[in-house]
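*Asks:* Handing you a structure now.
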Amino acid sequence: MKRMMIAAALLAAACSPAAQRPAEAPAAETSTVVAVEGLSITDATAKPPIEGQTTGVGYLTIRNTGDAPDRLLAAAAAGTSSIELHTHRDVDGMKRMEKVDAVDLPAGAAVVFQPGGLHLMLFGFAPVGEEIPVTLTFEKAGEVVVPFKIVARSAGQGETGHGMHQEHAH
Ligand SMILES: [Cu+2]
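In our numbering, the protein residues as written are 77 to 246.
What follows is the structure, encoded as structure tokens:
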């Protein structure tokens, strides 16, 4: 665990001169922090596909630390065939997944990608190792590489709406 945190910290530092020093993170903190001009990205995690399937899901928190709005436009990573931005929408009382073209990041706000809400769909995801570097493309901030920690799907945790993913193959 410690080794991973150090590796993540080094990666974050390599990506951004503005990266926070890892010593400031709480002891239990295992997520990475990637900070660039105007954005701070934390809690980036990727769940591998369910056995027999090929689609994984990614979560993260994007904080717009600047004073102008930005937008997340796209995501891509080696080790996937493609990544889409998805959200969930209530349709007749059912949560339905929906592809979105962009995610608004209002100035000063934190946008949380989490189960039942916004998420990254990782198509053709073949997890290798402990993390997957995902290139996020922002309208203003440009391309930012964020290491997503690969977390195991715990048995019985359920997929909180993600069982539907296979229904809408692209
Ligand atoms: Cu989805």
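For every residue, glycine included, the Cβ atom is placed at its ideal position computed from N, Cα and C.
May I ask you to report which of helix, strand or coil DSSP gives Ser157?
*Replies:* Ser157 falls in the coil class under three-state DSSP.
*Asks:* For Lys123, count neighbouring Cβ atoms within 10 angstroms of its own Cβ and tell me buried if that reaches 16, exposed if not.
*Replies:* Buried, since its Cβ has 16 or more Cβ neighbours within 10 Å.
*Asks:* If you pair each beta-carbon of the stretch 148 to 167 with each one of the stretch 193 to 202, do three or more pairs fall below 8 Å?
*Replies:* In short, these stretches touch, since the Cβ pair count reaches three.
*Asks:* Of the choices Val112, Ile117, Thr131, Thr121, whose alpha-carbon is the least far from that of Val227?
*Replies:* Selected option, being the one with the closest Cα: Thr121.
*Asks:* Is the beta carbon of Met197 within less than 7 Å of some heavy atom of ligand 1?
*Replies:* Under cutoff, so the answer is yes.
*Asks:* Can you tell me the Cα-Cα spacing of Arg139 and Ala183, whole angstroms?
*Replies:* Going by the C-alpha atoms only, they are around 8 Å apart.
*Asks:* Note down, in chain order, each residue of its chain lying with its Cβ closer than 8 Å to the Cβ of Leu181, except the 5 sequence neighbours on either side.
*Replies:* So the list reads Leu115, Ile138, Asn140, Pro145, Asp146, Arg147, Leu148, Val187, Phe214, once near-sequence residues are dropped.
*Asks:* Could you have a look at Pro124 and say whether DSSP puts it in helix, strand or coil?
*Replies:* Correct three-state label for Pro124: coil.
*Asks:* Cβ of Met170 within 7 Å of any heavy atom in ligand 1?
*Replies:* Met170: no, Cβ never under 7 Å from ligand 1.
*Asks:* So within the stretch 139 to 183, which uninterrupted beta strand (DSSP E) runs reach at least 3 residues, ignoring any that extend past its ends?
*Replies:* Counting whole runs of 3 or more residues, the stretch 139 to 183 contains the beta strand (DSSP E) stretches 146 to 152, 158 to 167, 170 to 175, 179 to 181.
*Asks:* Would you mind stating whether Val210 and Phe189 have Cβ atoms separated by less than 8 Å?
*Replies:* Not in contact: Val210 and Phe189 (Cβ atoms no closer than 8 Å).
*Asks:* Can you tell me which of Gln129, Thr130, Pro125, Leu136 puts its alpha carbon nearest to the alpha carbon of Val109?
*Replies:* Here the closest residue by C-alpha is Leu136.
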